[in-house]
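Numbering (my numbering), first residue to last: 173 to 418.
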Amino acid sequence: MKILVCISHVPDTTSKINFTDNNTKFDINGVQFVINPYDEFSLTRAMWFKEKQGAKVTVVNVGGASTEPTLRKALAIGADDAIRVNVEPTDGLMVAKELAEVVKKGGYDLVLAGKESADYNGQMVPGMLASLVDYNYVNGCVGIEVEGTNVSLEREIDGGEEKVSSVLPMVVAGQKGIVEEKDLRIPNMRGIMMARKKPLSVVESSGAVAATSTQTFEKPAPKGAVKLVDSVDELINLLHNEAKAI
173 MKILVCISHV PDTTSKINFT DNNTKFDING VQFVINPYDE FSLTRAMWFK EKQGAKVTVV
233 NVGGASTEPT LRKALAIGAD DAIRVNVEPT DGLMVAKELA EVVKKGGYDL VLAGKESADY
293 NGQMVPGMLA SLVDYNYVNG CVGIEVEGTN VSLEREIDGG EEKVSSVLPM VVAGQKGIVE
353 EKDLRIPNMR GIMMARKKPL SVVESSGAVA ATSTQTFEKP APKGAVKLVD SVDELINLLH
413 NEAKAI
């Protein structure tokens with residue numbers, strides 16, 4: 173089984189976010205970038221398929237040279253090789269089109285991704301990718317087993333979980349539950365050294381054009397001052413008349 177794991181290069185969730193050029197560009201100064209957490213869950217599940225079923229795991233990212241350390245970390249975790257599509261991602265459709273070319277050329281059986289990226293929260297790329305390559309698709313996946321070409325999946329729905337069956341080839345968008353946080357892998361020194369020798373191929377853009385453009389960014393309004401109260405009656409009054417919470 174050939175597995176492709178889509179990796180987004182996102183700011184660490186503890187990073188302080190700022191914008192430049194009149195709030196039209198993201199300021200990367202002082203920001204630590206990491207593997208998108210949802211993608212890391214799917215990557216960890218791909219490692220299980222590699223170890224238990226002999227799958228070959230490739231990771232892919234659409235981005236500039238600055239994303240290569242993130243791909244190298246994925247290689248250190250255990251992926252066999254990596255692909256970087258050499259173009260700056262500008263919107264979800266453009267990224268999906270670039271990934272579709274990689275999928276078509278690589279003939280992958282299973283494409284794993286996170287349900288969304290932790291920076292833009294678009295929840296669009298995996299679904300559009302599945303449509304572009306005409307693969308079956310399941311989103312919000314919290315469990316997956318593959319036997320031959322048959323796939324058993326569990327996905328999160330409002331108020332519970334849904335069990336789904338399908339067949340390869342597939343695109344699956346995972347989240348926490350496809351593996352648990354305790355199962356995530358920290359690269360050890362041996363993995364880091366081996367990652368330096370693993371293939372990281374750079375391919376040029378297919379020329380996909382973005383369908384949308386960002387006009388401006390706006391940070392959330394700062395939190396209001398804390399108001400201390402001396403009695404339960406005063407707290408109830410504030411919650412009822414000021415906060416409108418009850």
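Just so you know, even glycine gets a beta-carbon here, dropped at the ideal spot from N, CA and C.
Check, Outcome
"What is the rounded straight-line gap between the Cα of E260 and the Cα of G315?", "32 angstroms"
"How many angstroms separate the CA atom of D263 from the CA atom of A382?", "6 angstroms"
"Measure the beta-carbon distance from H181 to F205 and round it to whole angstroms, keeping in mind my assumption that it falls under 8 angstroms.", "5 angstroms"
"Give the straight-line distance between the Cα atoms of P241 and I255, rounded to the nearest whole angstrom.", "12 angstroms"
"Between the C-alpha atoms of V203 and G320, what's the straight-line distance to the nearest angstrom?", "43 angstroms"
"For my contact list, G299 and N311 are in at a C-beta cut-off of 8 angstroms; report their separation, rounded to the angstrom.", "7 angstroms"
"For P341, count neighbouring Cβ atoms within 10 angstroms of its own Cβ and tell me buried if that reaches 16, exposed if not.", "buried"
"My assumption, with CB atoms under 8 angstroms, is that G396 sits in contact with Q347. Please give the rounded CB distance.", "With a Cβ gap of about 32 angstroms, G396 and Q347 do not count as contacting."
"Once the 5 residues before and after D306 are set aside, which same chain residues still bring their CB inside 7 angstroms of it?", "none"
"Which full runs of the beta strand (DSSP E) of 3+ residues lie inside the region 279-313, going along the chain?", "282-286"
"I'd like to know whether the C-beta atoms of P371 and D211 end up nearer to each other than 8 angstroms.", "no"
"Going by the CB atoms, is the gap between V234 and A251 shorter than 8 angstroms?", "no"
"Within this structure, are the beta carbons of M173 and L282 separated by less than 8 angstroms?", "yes"
"From the DSSP output, which residues share a beta bridge with S346?", "Just to set this straight, residue 346 is Gly in the shown sequence, not Ser. BP columns for G346 point to G286, C313."
"In the DSSP assignment, find the unbroken beta strand (DSSP E) run with R327 in it and report its ends.", "322-329"
"Report back the beta-carbon spacing between T185 and A290 to the nearest angstrom; my notes put them in contact at under 8 angstroms.", "6 angstroms"
"Could you give the first and the last residue of the continuous beta strand (DSSP E) run that contains A175?", "This sequence places Ile at residue 175; Ala is not what is there. First-last of the beta strand (DSSP E) with I175: 174-178."
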